[in-house]
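Novice:
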Amino acid sequence: MRTPSLRRRLTVVVLVLVAVTLGVLGVTTDVVLRGRLDAQLQQRLLDRAQVASQLADQLDPENLAKRLSDGTVSVLVLAKDGTAYVEGPPPGADPGRVGPAGPGGGRAQRPAPTAPPVAASTQSQLTEYDDRIEVTREVGDGATLVLSASTTEVGRVLDQTRIALLVGALAVLALCGLVVRPVVARTLRPLDRVTALARAIREGDRGGRLRPERTDTEIGATAHALDGMLDAVEGAESQALEAERRLRVFLSDAAHELRTPIAGLQAASEHLLRSNPPREEREQTLLTLVRESRRAGRLVDDMLLMARIDRGLELRPRAVDLTAVAASAVEPRRLRHPDATLVVDGPPLVTQADPDRLAQVVGNLLDNAVRAAGPRGHVGVTVSNETDAGGRALAVVDVADDGPGIPPADRERVFERLVRLDEARAVQDATASPGGMGPGVGAGLGLAIARGIARAHGGDLVALEPTTGRGARLRLTLPLTRQPTESTTDAPTGGTSTTPTTTDPVASAPSTPSTPTSPPVTASHPVPVKV
Numbered sequence: 001m002r003t004p005s006l007r008r009r010l011t012v013v014v015l016v017l018v019a020v021t022l023g024v025l026g027v028t029t030d031v032v033l034r035g036r037l038d039a040q041l042q043q044r045l046l047d048r049a050q051v052a053s054q055l056a057d058q059l060d061p062e063n064l065a066k067r068l069s070d071g072t073v074s075v076l077v078l079a080k081d082g083t084a085y086v087e088g089p090p091p092g093a094d095p096g097r098v099g100p101a102g103p104g105g106g107r108a109q110r111p112a113p114t115a116p117p118v119a120a121s122t123q124s125q126l127t128e129y130d131d132r133i134e135v136t137r138e139v140g141d142g143a144t145l146v147l148s149a150s151t152t153e154v155g156r157v158l159d160q161t162r163i164a165l166l167v168g169a170l171a172v173l174a175l176c177g178l179v180v181r182p183v184v185a186r187t188l189r190p191l192d193r194v195t196a197l198a199r200a201i202r203e204g205d206r207g208g209r210l211r212p213e214r215t216d217t218e219i220g221a222t223a224h225a226l227d228g229m230l231d232a233v234e235g236a237e238s239q240a241l242e243a244e245r246r247l248r249v250f251l252s253d254a255a256h257e258l259r260t261p262i263a264g265l266q267a268a269s270e271h272l273l274r275s276n277p278p279r280e281e282r283e284q285t286l287l288t289l290v291r292e293s294r295r296a297g298r299l300v301d302d303m304l305l306m307a308r309i310d311r312g313l314e315l316r317p318r319a320v321d322l323t324a325v326a327a328s329a330v331e332p333r334r335l336r337h338p339d340a341t342l343v344v345d346g347p348p349l350v351t352q353a354d355p356d357r358l359a360q361v362v363g364n365l366l367d368n369a370v371r372a373a374g375p376r377g378h379v380g381v382t383v384s385n386e387t388d389a390g391g392r393a394l395a396v397v398d399v400a401d402d403g404p405g406i407p408p409a410d411r412e413r414v415f416e417r418l419v420r421l422d423e424a425r426a427v428q429d430a431t432a433s434p435g436g437m438g439p440g441v442g443a444g445l446g447l448a449i450a451r452g453i454a455r456a457h458g459g460d461l462v463a464l465e466p467t468t469g470r471g472a473r474l475r476l477t478l479p480l481t482r483q484p485t486e487s488t489t490d491a492p493t494g495g496t497s498t499t500p501t502t503t504d505p506v507a508s509a510p511s512t513p514s515t516p517t518s519p520p521v522t523a524s525h526p527v528p529v530k531v
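As structure tokens, this is what we get:
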């Protein structure tokens, strides 16, 4: 079954309501008018009866009947001796259809009819019949007066009024039909815009919006909500497309990064199989196999860690002194870079964090800073506290270097996955180390992992403008819980790795440093520390 359009249904509903209203008004008018006309006719007869009682002592019954008649009221005066004097039309007759009066001016002297019994009272008695109204009253000396008026004229007036009301109601309905339809069409015009917008979006035009002028109306509020929904849907679609694009780029870059160590493994393996190299060359080839396998393993581990961060990294938080963590992370870098200057400055600050993950973040920042600053560069780690705009206390770790720095346009891009801003320097560092893999070169996942760990702790990691005008400055912020009262806070005993490899001939290959031989720095050690 086909459903009528909303425009048609609204028009029909409005016309039905108008018709019902007009019908109620017509019935009310008819009832009120009939009651008013009947009341006027009754009052007219009662007034004449009152006048007759006053004239009864002055006029005889015949003249009294003549005096009271006006052609529309039938007058019957019944004398005391039984003589009846009648004037006017017969009771119940239509005054407009009564013929001319006969001899005597329509007066007649008839035998006394049977009059309604009237109590000996000066009050008038009103009686209503289907076609007339009668008033009976005792007047004069024993005479009885009967006044009768036909209700035919009242019915005629009511019929004329009903016809007029019906014609007027039909005219009003026709006028309403002419006015309501365009008004309804104009009111529903925003729905036509909604339909047009939906069709445009279906055809590919995703930027259209309704933008209603008023949002305090029902349709305006609906249009405003629809605009908001479209913004949210398009935003989610854009985010999904961007996430898909990043995933494709990530997979492509990851495959590219894995191809290098795999190619090295393949070349070294084929070299061992095809020839019988001397012992020294054989050891160098085996060293390359181990180094490239570790490189591939680190990349796979980093990718797995990023996957865990994406779905929610599991942390083991406890009270950790950030200054102690920073000082402890500096120690292994001192061993690997004896000509570099590394400084840790700041008071003891305690927060709830996973010490191993926190050491991984600080170690990554230090590795990037040392690599950027160069062999004789300067790297400073500053630990402080501040309050954000919401009044929350934060622990701040700033890692600054005097290297080439990060361009302002790339300060956010460096935290994307598999992004390395200085490919030439990475290649130079790689070729400068035995086996082609320097200690500081990675696949571009370090800062992305560090930010993910920071945000998992409720903090953040950002790149800021350097305070000295050169170099780079990265800031790690974490919620500050309490100041340490004893030197019992946890701090890692090394850098980002706890696996000692000091006797391994490929110990320089991993980007994660080995455990230092110097004693760990805890919150009880003095700061600043210059190494």
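Okay, so the sequence shown: first residue is 1 according to the UniProt record's numbering, each after it adds one. Beta carbons: idealized from backbone N, C-alpha and C, even for Gly.
#1: Would you report the Cα separation of threonine 473 and arginine 189, rounded to the nearest angstrom?
#2: Could you tell me the alpha carbon to alpha carbon distance between alanine 369 and arginine 199, rounded to whole angstroms?
#3: Buried or exposed, going by whether 16 or more other CB atoms sit within 10 Å of the CB of leucine 241?
#4: Using the C-alpha atoms, what's the distance from alanine 456 back to proline 317?
#5: Could you tell me whether the segment 47-62 touches the segment 25-39, using the rule of 3 or more Cβ pairs below 8 Å?
#6: Using only CA atoms, which one of Val350, Val172 and Pro407 lies nearest to valine 396?
#7: Quick check: the Cα distance between arginine 334 and alanine 372, rounded to an integer number of angstroms?
#8: Using DSSP's beta-bridge definition, name the partner residues of leucine 461.
#9: Is it buried or exposed, alanine 171, if we count other Cβ atoms within 10 angstroms and call 16 or more buried?
#10: Three or more C-beta pairs closer than 8 Å, one from the segment 464-472 and one from the segment 400-408: is that the case here?
#11: For leucine 22 and valine 167, what's the separation of their Cα atoms in angstroms?
#12: Alanine 149 and threonine 28 look like a contact to me (Cβ under 8 Å); what is the Cβ gap, rounded to whole Å?
#13: Which whole-angstrom value is the C-beta distance of valine 419 and glycine 444, which I expect to be below 8 Å?
#14: Return helix, strand or coil for isoleucine 406, following the three-state DSSP convention.
#15: Apply the 10 Å Cβ neighbour rule to glycine 438 and answer buried if 16 or more other Cβ atoms are within range, or exposed otherwise.
#16: Can you say whether serine 252 is buried or exposed, counting buried as having 16 or more other CB atoms within 10 angstroms of its CB?
#17: Can you give the Cα-Cα distance for aspartate 231 and arginine 209, rounded to whole angstroms?
#18: Of the choices Arg279, Leu299, Asn276 and Val233, whose alpha-carbon is the least far from that of arginine 259?
#19: Measuring CB to CB, does alanine 353 end up less than 9 Å from leucine 315?
#20: Is valine 419 helix, strand or coil when you go by DSSP?
#21: Alpha carbon to alpha carbon, how far is lysine 80 from threonine 144? Give it in angstroms, no decimals.
#22: Can you tell me whether glutamine 360 is buried or exposed? The criterion is at least 16 other CB atoms within 10 Å of its CB, across all chains shown.
#23: Kindly list the residues whose CB is nearer than 6 Å to the CB of glycine 458, restricted to its own chain and excluding five residues on each side of it in sequence; keep chain order.
#24: Would you mind listing the beta strand (DSSP E) stretches within the segment 135-184 that are 3+ residues and don't spill past its ends, in chain order?
#25: Who are glycine 380's beta bridge partners in DSSP?
#26: Please work out which residues of its chain come closer than 6 Å, Cβ to Cβ, to glutamine 365, disregarding the five sequence neighbours upstream and downstream, and give them in chain order.
#27: Just to confirm the assignment, what range does the alpha helix (DSSP H) spanning threonine 467 have?
#28: Could you tell me which of Arg48, Gln50, Ala65 and Leu173 sits nearest to leucine 17, measuring between CA atoms?
#29: Specify, as a first and last residue, the run of the alpha helix (DSSP H) that threonine 29 falls within.
#30: What residues are listed by DSSP as bridge partners for leucine 365?
#31: Is leucine 76 helix, strand or coil when you go by DSSP?
#32: Suppose you measure from the CA of proline 90 to the CA of glutamine 123; what does that come to, to the nearest Å?
#33: Taking C-alpha atoms, which residue in Ala450, His224 and Pro466 lies nearest to threonine 477?
#34: Can the beta-carbon of valine 184 be found closer than 9 Å to that of valine 14?
#35: Using the C-alpha atoms, what's the distance from alanine 243 back to valine 12?
#36: Residues bridged to alanine 395 by DSSP?
Specialist: Here's the rundown:
#1: As a working mapping, residue 473 is identified with position 473 in the sequence shown. As a working mapping, residue 189 is identified with position 189 in the sequence shown. Looking at the sequence itself, residue 473 is arginine, so the reference to threonine does not match. So the two alpha carbons sit approximately 57 Å from each other.
#2: Stepping through the sequence shown from its first residue, residue 369 is reached at position 369. Stepping through the sequence shown from its first residue, residue 199 is reached at position 199. Going from the Cα of alanine 369 to the Cα of arginine 199 covers about 55 Å.
#3: In the sequence shown, residue 241 corresponds to position 241, counting from 1. Answer is exposed; the Cβ neighbour count stays below 16.
#4: Your numbering for residue 317 matches position 317 in the sequence shown. Your numbering for residue 456 matches position 456 in the sequence shown. Straight-line Cα distance between these residues: approximately 11 Å.
#5: no
#6: Counted from its first residue, the sequence shown places residue 396 at position 396. The shortest C-alpha separation from valine 396 is found at Val350.
#7: Stepping through the sequence shown from its first residue, residue 334 is reached at position 334. Stepping through the sequence shown from its first residue, residue 372 is reached at position 372. Computed Cα separation, rounded: 15 Å.
#8: As a first step, residue 461 is located in the sequence shown; it is residue number 461 there, counting from the start. For leucine 461, which the question treats as bridged, DSSP gives the partners Leu476.
#9: Start at 1 with the first residue of the sequence shown, and residue 171 comes out as number 171. Burial call: exposed.
#10: yes
#11: Position 22 of the sequence shown, counted from the start, is the residue given in the question as residue 22. Position 167 of the sequence shown, counted from the start, is the residue given in the question as residue 167. Distance between the alpha carbons of leucine 22 and valine 167: 11 Å.
#12: Residue numbering aside, residue 149 sits at position 149 when the sequence shown is read from its first letter. Residue numbering aside, residue 28 sits at position 28 when the sequence shown is read from its first letter. That belief does not hold up - the Cβ atoms of alanine 149 and threonine 28 are roughly 26 Å apart, past 8 Å.
#13: Residue 419 sits at position 419 when you count from the first residue of the sequence shown. Residue 444 sits at position 444 when you count from the first residue of the sequence shown. Yes, valine 419 and glycine 444 are in contact; Cβ-Cβ is about 5 Å, under 8 Å.
#14: Position 406 of the sequence shown, counted from the first residue, corresponds to residue 406. Residue state, collapsed to three classes: coil.
#15: Indexing the sequence shown from 1 puts residue 438 at position 438. With a pLDDT of only 36 at glycine 438, under 50, the local geometry of the prediction cannot be trusted, and no value is derived from it.
#16: What you label residue 252 is simply residue 252 of the sequence shown in a count that begins at 1. Flag for serine 252 reads exposed.
#17: As a working note, residue 231 is residue 231 in the sequence shown. As a working note, residue 209 is residue 209 in the sequence shown. Using only the alpha carbons, I get a separation of about 9 Å.
#18: By one-based count along the sequence shown, residue 259 stands at place 259. Checking every option, the nearest Cα to that of arginine 259 belongs to Leu299.
#19: The residue you call residue 353 lines up with position 353 of the sequence shown. The residue you call residue 315 lines up with position 315 of the sequence shown. Yes, Cβ-Cβ distance for alanine 353 and leucine 315 is below 9 Å.
#20: For the purposes of this step, residue 419 is identified with residue 419 of the sequence shown, where counting begins at 1. In this structure, valine 419 counts as coil in the three-state DSSP scheme.
#21: For the purposes of this step, residue 144 is identified with residue 144 of the sequence shown, where counting begins at 1. For the purposes of this step, residue 80 is identified with residue 80 of the sequence shown, where counting begins at 1. Approximately 8 Å between the Cα atoms of the pair.
#22: Translated into the one-based positions of the sequence shown, residue 360 becomes position 360. Per the 10 Å Cβ criterion, buried.
#23: For the purposes of this step, residue 458 is taken as residue 458 along the sequence shown, with counting starting at 1. Excluding positions up to five away in sequence, the list reads Pro479.
#24: 143-150
#25: Here residue 380 refers to the residue found at position 380 when the sequence shown is read from its first residue. For glycine 380, which the question treats as bridged, DSSP gives the partners Val343 and Ala400.
#26: As a first step, residue 365 is located in the sequence shown; it is residue number 365 there, counting from the start. Looking at the sequence provided, one finds leucine at residue 365 rather than glutamine. Answer for leucine 365: Val399 and Leu474, listed in chain order.
#27: Within the sequence shown, numbered from 1, the residue matching residue 467 stands at position 467. Careful: threonine 467 lies outside any alpha helix (DSSP H) and carries neither H nor E.
#28: For this step, residue 17 is matched to residue 17 along the sequence shown. When each option's Cα is compared against that of leucine 17, the closest is Leu173.
#29: By one-based count along the sequence shown, residue 29 stands at place 29. Run containing threonine 29: 6-55, per the alpha helix (DSSP H) assignment.
#30: As a position in the sequence shown, residue 365 is number 365, starting the count at 1. DSSP, once it has assigned bridges, lists no residue as partnering leucine 365.
#31: Translated into positions along the sequence shown, residue 76 becomes position 76. In this structure, leucine 76 counts as strand in the three-state DSSP scheme.
#32: As a first step, residue 90 is located in the sequence shown; it is residue number 90 there, counting from the start. As a first step, residue 123 is located in the sequence shown; it is residue number 123 there, counting from the start. Their Cα atoms are separated by approximately 24 Å.
#33: Walking along the sequence shown from the start, residue 477 turns up at place 477. Answer by Cα proximity: Ala450.
#34: By one-based count along the sequence shown, residue 184 stands at place 184. By one-based count along the sequence shown, residue 14 stands at place 14. Yes, the pair counts as a contact, with Cβ atoms nearer than the cut-off.
#35: For this step, residue 12 is matched to residue 12 along the sequence shown. For this step, residue 243 is matched to residue 243 along the sequence shown. So the two alpha carbons sit approximately 52 Å from each other.
#36: As a first step, residue 395 is located in the sequence shown; it is residue number 395 there, counting from the start. Alanine 395 pairs with Asn385 and Leu478.
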